[in-house]
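Colleague: Below: one structure in structure tokens.
There are 2 protein chains.
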Amino acid sequence: MNHPQPGCPHPRSLFHAPTRYALQALVRMPGDGTYRLARNLAAELGLPGPFLAKILQALCHAGLLESLRGPTGGFRLTRAPEHITLREVVLAMEGPEPFEDCLLGHAAVGEDCHCPIRPAWDVLQTLLTRVLAQTSLRDLQAAQSAPNRPEDPDLAVAAPV
Amino acid sequence: MNHPQPGCPHPRSLFHAPTRYALQALVRMPGDGTYRLARNLAAELGLPGPFLAKILQALCHAGLLESLRGPTGGFRLTRAPEHITLREVVLAMEGPEPFEDCLLGHAAVGEDCHCPIRPAWDVLQTLLTRVLAQTSLRDLQAAQSAPNRPEDPDLAVAAPV
DNA sequence: TGTAAAACAGATTTAAATATCCTAAAATAG
DNA sequence: CTATTTTAGGATATTTAAATCTGTTTTACA
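Residue numbers (the working numbering), protein chains in the order written: chain A, 1 to 161; chain B, 1001 to 1161.
Here it is in structure tokens:
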């Protein structure tokens, strides 16, 4: 048996569930000025409708979506998908501090800890942030149609294990 | 307001709470053959005693600790701290798949997804795993006494932002 | 022996994340 | 202007992780 009594069943995602849903929803938003229905989108994603609606609302408040009520209404992007980065989406959903400063829980956010993996963690956070900032919704959309994997040159340097 | 209605308050740690507690506890285990009390250790960490006891039990099952009951009893390391890596601890507490394969939730564990940040995420996972495998409990202990930060040469390559 | 101190193991409780429901407000179409 | 369709937003329910509690077993020592 590998799992201890106190919890720890599933592998943990780096982001909260609503953040992942937000990304999946935004990728499927029309690029033209058309409005899309929350209910419609929820069905495609296999998500509970009213729950997705909440997330779309949050994205409206963050300025990434705009909404229209009534018939012919729905949600649409405020900008073209190539001008919305994953970083913006994550910031909107997770807040300005997406992850803990110390992997081991040594220090609160903003504080300083001195464990030896701290500098490595800082570097990883920086790399991840950069990748998120360099990837747009358009890139995600393109990847869905053509399943190729363009390797990131920045990261290729460190790749050989 | 940045936080959406459906959840998302705190910055999320990459590991579950019990995993972080396990690391904090192991670092404070005596290196000689002495047994240490769970209650005692819990007090030092500011953790609920019986909860920490569960975690120590799990570490016993994983073979990282051994226990002795009765008076003069407690817990001790099965190996010298320089021969226990953080990776072993994380595997023991989180299971063989510490994090999701796809950051955006596109694919289940083991499956394949094609989003453009996938290769970057794979690289980051590899780097993190390597750092955890290269860092021992002894390193953590040393860092606590002498708060210096020896930069990891592997990661320094990718550092300049 | 018998008593006290400790880990052990299961059940239970609390809190947080996730998901659902329900009524109101806005916009369109007839 | 009324009925219908949609988002808005608060309240509530469900699920999962985190923490606590209760009693049992083992060990040392008097």
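Every residue gets a Cβ at the ideal spot worked out from N, C-alpha and C, and that includes glycine.
Rounding to the nearest angstrom, what Cα-Cα distance links M1029 (chain B) and A22 (chain A) in this structure?
Modeller: Approximately 43 angstroms between the Cα atoms of the pair.
Colleague: Classify L1014 (chain B): buried if its beta carbon has 16 or more other beta carbons within 10 angstroms, exposed otherwise.
Modeller: L1014 (chain B) should be labelled buried.
Colleague: For A1025 (chain B), count the other beta carbons within 10 Å of its own beta carbon; 16 or more makes it buried, fewer makes it exposed. Which is it?
Modeller: Looking at its Cβ environment, which holds 16 or more other Cβ atoms inside 10 Å, A1025 (chain B) is buried.
Colleague: What first and last residue would you give for the alpha helix (DSSP H) that runs through F1051 (chain B)?
Modeller: Counting along the chain, the alpha helix (DSSP H) containing F1051 (chain B) begins and ends at G1049 to H1061.
Colleague: Is there a Cβ of chain A sitting closer than 9 angstroms to that of A1120 (chain B), yes or no?
Modeller: Chain A, which has a Cβ nearer than 9 angstroms to the Cβ of A1120 (chain B), makes this yes.
Colleague: Given that S67 (chain A) touches chain B, what residues does it touch there, using C-beta distances under 8 angstroms?
Modeller: Per Cβ cutoff of 8 angstroms: no residues; S67 (chain A) is ~14 angstroms from chain B at best.
Colleague: Going by CA-CA distance only, name the one from B:S1067, B:L1104 and B:L1124 that's closest to H16 (chain A).
Modeller: Minimum Cα distance to H16 (chain A) is reached at B:L1104.
Colleague: Taking C-beta pairs closer than 7 angstroms, name the residues in chain A that T1072 (chain B) reaches, listed in chain order.
Modeller: The premise fails here: T1072 (chain B) is roughly 25 angstroms from chain A at the closest Cβ pair, so nothing lies under 7 angstroms.
Colleague: Using a Cβ-Cβ cut-off of less than 9 angstroms, give me the residues of the stretch 1013–1024 of chain B that come near chain A, in sequence order.
Modeller: Residues passing the 9 angstroms Cβ filter: S1013, L1014, F1015, H1016, A1017, P1018, T1019, R1020, Y1021, A1022, L1023 and Q1024.
Colleague: For chain B, is any of its Cβ atoms less than 9 angstroms away from the one on I181 (chain A)?
Modeller: Residue coverage of chain A in this structure runs from 1 to 161, which leaves residue 181 (chain A) outside it and unanswerable.
Colleague: In whole angstroms, what is the alpha-carbon distance linking R87 (chain A) and S67 (chain A)?
Modeller: Going by the C-alpha atoms only, they are around 22 angstroms apart.
Colleague: Under 8 angstroms Cβ to Cβ from T19 (chain A), same chain only, skipping five residues before and after it: list those, please.
Modeller: Excluding positions up to five away in sequence, the list reads V89, V90, M93 and E94.
Colleague: Compute the beta-carbon to beta-carbon distance between G74 (chain A) and L37 (chain A), rounded to the nearest angstrom, for a pair I have assumed lies under 8 angstroms.
Modeller: G74 (chain A) to L37 (chain A), Cβ: 5 angstroms. Contact.
Colleague: Which same chain residues, not among the five before or five after L56 (chain A), have their C-beta less than 7 angstroms away from its C-beta?
Modeller: Taken in chain order, the residues that qualify are A25, A38, L65 and F75.
Colleague: Take E34 (chain A) and list the residues in its own chain whose beta-carbon comes closer than 7 angstroms to its own, dropping the five residues that flank it on each side.
Modeller: Correcting the residue type first, residue 34 (chain A) is Thr in the shown sequence and not Glu. Excluding residues within five positions, the ones whose Cβ falls inside 7 angstroms are R76.
Colleague: Using DSSP with H/G/I as helix, E/B as strand and the rest coil, what is R1039 (chain B)?
Modeller: Looking at R1039 (chain B) - three-state DSSP - the assignment turns out to be helix.
Colleague: Less than 6 angstroms between C-beta atoms, sequence neighbours within five positions excluded: which residues of the same chain meet that for A1053 (chain B)?
Modeller: Closer than 6 angstroms at Cβ, skipping near neighbours: A1038.
Colleague: Helix, strand or coil for T85 (chain A)? Go by DSSP, reduced to three states.
Modeller: T85 (chain A) falls in the strand class under three-state DSSP.
Colleague: Can you tell which of B:G1070, B:T1072, B:P1048 and B:T1078 has its C-alpha closest to the C-alpha of H1061 (chain B)?
Modeller: It is B:T1078 whose Cα lies nearest to the Cα of H1061 (chain B).
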